[in-house]
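Structure, as structure tokens:
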Amino acid sequence: MVPFALATIPLVASIILINTFLFPGATDTIVSIGPLAPTWTGLTAAAQATLRVLAFALSVAVFSLTTPTDDLLTDLERRGVGRRAVFVIGAAIGMVPRLVERAGEIVDSQRARGLDTEGARWRRVRGVVPLAAPMISSALTEVEERTLALEARAFSAPPRRTTMRPLPDDSQQRALRWGLLVFVVVAVAASVSGALGIP
Amino acid sequence: MSASTPAPRLSLRDVSYGYVGTSANVLQGIDLELAEGRIVGVVGPNEAGKSTLCLVAAGLAPLAIGGRLDGTVEQDGVDTRTLSAGDLGQRVGILFQNPVTQLSGTSVTVYEEIAFGPRNLGLPLGEVATRVEWAADLVGVRDLLPRDPARLSGGQAQLVALGSVLALRPGTLVLDEPTSQLDPLGTRLVGDALADLAAETGTAILMVEHKTDLLARMADEVVVLVDGKIAKSGPAAEVLADPALPALGVEPPSDVRLRAALAEAGISFDASWGPAWGVQAAVGARE
Chain A
1404 MVPFALATIP LVASIILINT FLFPGATDTI VSIGPLAPTW TGLTAAAQAT LRVLAFALSV
1464 AVFSLTTPTD DLLTDLERRG VGRRAVFVIG AAIGMVPRLV ERAGEIVDSQ RARGLDTEGA
1524 RWRRVRGVVP LAAPMISSAL TEVEERTLAL EARAFSAPPR RTTMRPLPDD SQQRALRWGL
1584 LVFVVVAVAA SVSGALGIP
Chain B
463 MSASTPAPRL SLRDVSYGYV GTSANVLQGI DLELAEGRIV GVVGPNEAGK STLCLVAAGL
523 APLAIGGRLD GTVEQDGVDT RTLSAGDLGQ RVGILFQNPV TQLSGTSVTV YEEIAFGPRN
583 LGLPLGEVAT RVEWAADLVG VRDLLPRDPA RLSGGQAQLV ALGSVLALRP GTLVLDEPTS
643 QLDPLGTRLV GDALADLAAE TGTAILMVEH KTDLLARMAD EVVVLVDGKI AKSGPAAEVL
703 ADPALPALGV EPPSDVRLRA ALAEAGISFD ASWGPAWGVQ AAVGARE
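So, in structure tokens, the structure goes:
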């Protein structure tokens, strides 16, 4: 949960600074420090926007912390999502650790050839450029071979794929899912109709 | 072995093939036949069309990658051009060089990886399990079933990739340098698994391989491919002993090189030196 919250810090910081100090047309100054004039209106707007960003980040966090990738894929498949779509989602998630690993290998081999990947920050940024090309090109060249290998394993065969294991799903989970769906509909309706009093 | 089989498992008749967007043919006038349980090795210089031959023999060219195919390629007497992707996978399996790109990348365990193909066919769960265990036993990876496929050694990953292909129970297997990225132990594991497969299940195997020592041990016949044409073909021992091979960039098996070195040094070779001399012993035992 913490990494997800941390990941929002740059965005949240800029939201607070820009809204508090630069809210257009606001005059209810909190305190004047030279040219800086933070306003109450801006701070309120900043707080609202921050809550939205946090709610978004935390919903992603809750999802990824409670749902193992293969459970997600299994259930998508069971619900009749096409095998291509399921494969793309699974491969994209599975690719991240492999790309990280390959990046490590490329950095090591380029370091061995004298590339400066440590020290001053701008130098490290420059070091990313020669890293990107081999990483992308090697990922692309693998695609063709992988496609053929998948095709040879009947990936395009017409029948629905066999489901390997049924996911546990009891009446409480079902009730919770339906309850949350109803809650979302009610909340959106209340917000749109102005009943919640949020601008 | 099974010379009495009516239709060969794989047959290529006067096959020519050119890739999409090129006018030249990579393969020209290829005639090749594989009977049940036979292992045919393919050697040749780079750019000879060996990998293309694999794709054509496996039916992936033109089904998956397009291109122009002339002549006929048949699996069990059925033209590959009339087969759908699902049928094709059950008739002919193909294994490439790089073990990593052949794994689906979406499986958490080796078990699921091997089950990938049978699941695509929509087989009942019990049948999927039977096939996974059968294939795992055949290639000797039963111990690896609960492991993460991304964390295997090269040899182990190639065995898993082979098992994944075999789980579709193809009658023919096409191998494009299956051991090129493997160490000697991995090479031996894969080689032994393939030899057992041909002997036990009658699977016909077409195998591109630079390691001629492996071919000398396993193959019944060897085909030399040069510039997209078959330059020479015949019993493995005979073709691999051809003095023209080194000029084609193919290193002869170690026993052939040893004989040549002995002859050059003026030492006469005595056949009664015993069965340690690879090719003769292995081929003798087979026939």
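Which chain is which? The protein sequence lines are A and B, in order.
Residue numbering for the first sequence follows the numbering used here, beginning at 1404 and increasing consecutively.
Residue numbering for the second sequence follows the numbering used here, beginning at 463 and increasing consecutively.
From the three backbone atoms N, C-alpha and C, an ideal C-beta is built for every residue, glycine too.
Just so it is clear, the structure is predicted and the values come from calculations on it, not from any experiment.
When the alpha-carbon of G1497/A is set against those of V1587/A, D1478/A, D1473/A, A1488/A, the nearest one is in D1473/A. Of the residues L494/B, L472/B, S485/B, G483/B, the one whose Cα lies closest to the Cα of L687/B is L494/B. The alpha-carbon of Q1576/A is positioned some 12 Å away from that of L1570/A. With a contact defined as Cβ atoms closer than 8 Å, A519/B and S1559/A miss out at about 19 Å. Around T1423/A, the same chain offers P1441, G1445, L1446, A1449 as residues with beta carbons nearer than 6 Å, after the five sequence neighbours per side are excluded.
Interface annotation for the segment 1482–1496 of chain A against chain B: F1490, G1493, A1494, criterion Cβ-Cβ distance under 7 Å. Beta-bridge pairing by DSSP links R530/B to G480/B. Under DSSP, T1442/A forms a beta bridge with T1432/A. In chain order, T1477, E1480, R1481 place their CB closer than 8 Å to the CB of T1566/A, counting only its own chain and leaving out the 5 sequence neighbours on each side. Annotation for S626/B: E575, I576, F578, G579 place their beta carbon closer than 7 Å to its own, counting only its chain and skipping 5 residues before and after. Of all residues in the segment 1416–1445 of chain A, none has a C-beta nearer than 7 Å to a C-beta of chain B.
Interface annotation, R553/B: not in contact with chain A, CB-CB separation never under 8 Å. For A526/B, the chain A residues whose C-beta falls within less than 9 Å of its own C-beta are T1550, L1551, E1554, A1555, S1559, listed in chain order.
The Cβ neighbour count for N582/B, taken over all protein chains shown within 10 Å, is at least 16; the residue is labelled buried. Here DSSP, grouped into helix, strand and coil, assigns A486/B to coil.
With fewer than 16 other CB atoms across the displayed protein chains lying within 10 angstroms of its CB, R475/B is exposed. Contact of I556/B with chain A by beta-carbon distance below 7 Å involves A1555. The secondary-structure analysis by DSSP pairs E574/B with nothing; it has no beta-bridge partner. For M669/B, the three-state secondary structure derived from DSSP is strand. In the displayed model, A722/B falls within a helix according to three-state DSSP. By the 16-neighbour rule on beta-carbons within 10 angstroms, E1554/A is buried.
Within the segment 591–604 of chain B, no residue has a Cβ lying closer than 8 Å to any Cβ of chain A. In this structure, the alpha-carbon of R1568/A lies about 47 Å from that of A1515/A.
Two segments are said to touch when three or more pairs of C-beta atoms, one from each, lie closer than 8 Å; by this definition the segment 711–720 of chain B does not touch the segment 526–540 of chain B.
Here L676/B really is in contact with T649/B; their C-beta atoms are around 6 Å apart, less than 8 Å. When only Cα atoms are considered, T484/B and A526/B end up about 17 Å apart. With a threshold of 8 Å between beta carbons, D1511/A makes no contact with chain B. Within the segment 573–587 of chain B, the residues whose Cβ lies closer than 8 Å to any Cβ of chain A are, in chain order, E574, A577, F578, G579, P580, R581, N582, L583, G584, L585, P586, L587. Against chain A, the CB of Q564/B has a partner CB under 8 Å away; the residue lies at that interface. Per DSSP, V1589/A is one residue of the alpha helix (DSSP H) stretching across 1574–1596. Under the Cβ distance rule, D1473/A counts among the residues neighbouring chain B, one pair being separated by less than 8 Å. In this structure Q552/B does not touch A623/B by the C-beta definition: roughly 17 Å separates them, more than the 8 Å allowed.
In the three-state reduction of the DSSP assignment, S473/B falls in the strand class. Scanning R1564/A, D1431/A, A1590/A for the CA closest to the CA of G1485/A turns up R1564/A. Counting only residues of its own chain and dropping the five nearest sequence neighbours on each side, D541/B has a CB closer than 8 Å to the CB of T534, V535.
Taking a beta-carbon distance threshold of 8 Å, A520/B counts as an interface residue toward chain A.
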